[in-house]
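Notes follow once the structure below has been shown.
Residue numbers (this note's numbering), protein chains in the order written: chain U, 1 to 144; chain G, 145 to 288.
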């Protein structure tokens, strides 16, 4: 029995409501952002900071930023694995670059740091319009 | 100094060659698969098994499988985080469902298990045609 994520009728997959999905995302610093690039799908790991309903990440100039500049739809995915359970949250929304200096300073003060010590000065905000989450109870696979 | 992943000139990001990227992917069981669905981008966590140049994952019927059935291009992403370093590998290729029973049995014997104890009988193979990897040395961010 999982106390935090009770699965009714021993179902191995529990669909999470928005509140729980946001809670998991808010407590996560590491995610991936995916979007349709010019000629193919792009996916990158990012450090995130969540202020419901917005998720922020920092980036250097490049394809990620290009997506944000034109307001492309992006998908954020975060997950967590333990030996006996796991979860995954997917959040969708439009990405835009933060341009107001006060906004940028505020988000930095909240602790949004990039992975590596380079000059990644651009902050991207994703206004999430849809979130979904799943919790998985691991177990043996019933081979047919 | 990172002995396994030496970064020349203290550069925080090290681009990995194909051999190292395959090695990281091969030692990883947990990844995400992303692809363009009917009307939007889809991304799911998956357990993977890698036999260069193929990556296998299991799935129940649904959008993931639909992608595999029609041979859609998919992107697999895996990453690993430590307090002082991290890595990310992205592999691209076409997905197809394994239909030969002997192939399916072989992959299962190799240890490809799904996350949850449901009847996930479909095995998807991604023939990887492009792989890329990055290693990150974390550190303080030089604020301008």
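Note that CB positions come from ideal geometry on N, CA and C, so glycine has one too.
Nothing here was measured: the structure is a model prediction, and the numbers come from that model.
query: At which residue ranges does the segment 166-243 of chain G contain complete alpha helix (DSSP H) runs of 4 or more residues, listed in the order of the chain?; result: 207-213
query: Using the beta-carbon of each residue, which ones in chain G are nearer than 8 Å to residue 205 of chain U?; result: Lying outside 1 to 144, the shown extent of chain U, residue 205 of chain U is not represented and no answer is given.
query: Going by other Cβ atoms of all chains shown within 10 Å of its Cβ, with 16 needed for buried, is residue 79 of chain U buried or exposed?; result: buried
query: Does the structure place the segment 123-141 of chain U close enough to the segment 89-99 of chain U that three or more beta carbon pairs sit under 8 Å?; result: yes
query: Please identify the residue among G/216, G/241 and G/240 whose C-alpha is closest to the C-alpha of residue 40 of chain U.; result: G/216
query: By alpha-carbon positions, which one of G/171, G/174 and G/212 ends up nearest to residue 267 of chain G?; result: G/212
query: Opposite residue 280 of chain G in the DSSP bridges: which residues?; result: G/157 and G/230
query: Mind listing the chain G neighbours of residue 35 of chain U? Cutoff is C-beta to C-beta under 9 Å, in chain order.; result: 185
query: For a contact meaning CB atoms closer than 9 Å, what does residue 30 of chain U contact in chain G?; result: 223, 225 and 230
query: Is the Cβ of residue 35 of chain U closer than 8 Å to any Cβ of chain C?; result: No chain C appears in this structure, whose protein chains are U and G.
query: Measuring alpha carbon to alpha carbon, tell me which residue in G/195, G/231, G/219 and G/225 is nearest residue 250 of chain G.; result: G/195
query: Residue 81 of chain U to residue 137 of chain U, Cα distance in whole Å?; result: 10 Å
query: Once you ignore the five residues that flank residue 241 of chain G on each side, which residues in its own chain have a CB closer than 8 Å to its CB?; result: 209, 212, 213, 266, 267, 268 and 269
query: Whole angstroms are fine: how far does the CA of residue 221 of chain G sit from the CA of residue 248 of chain G?; result: 23 Å
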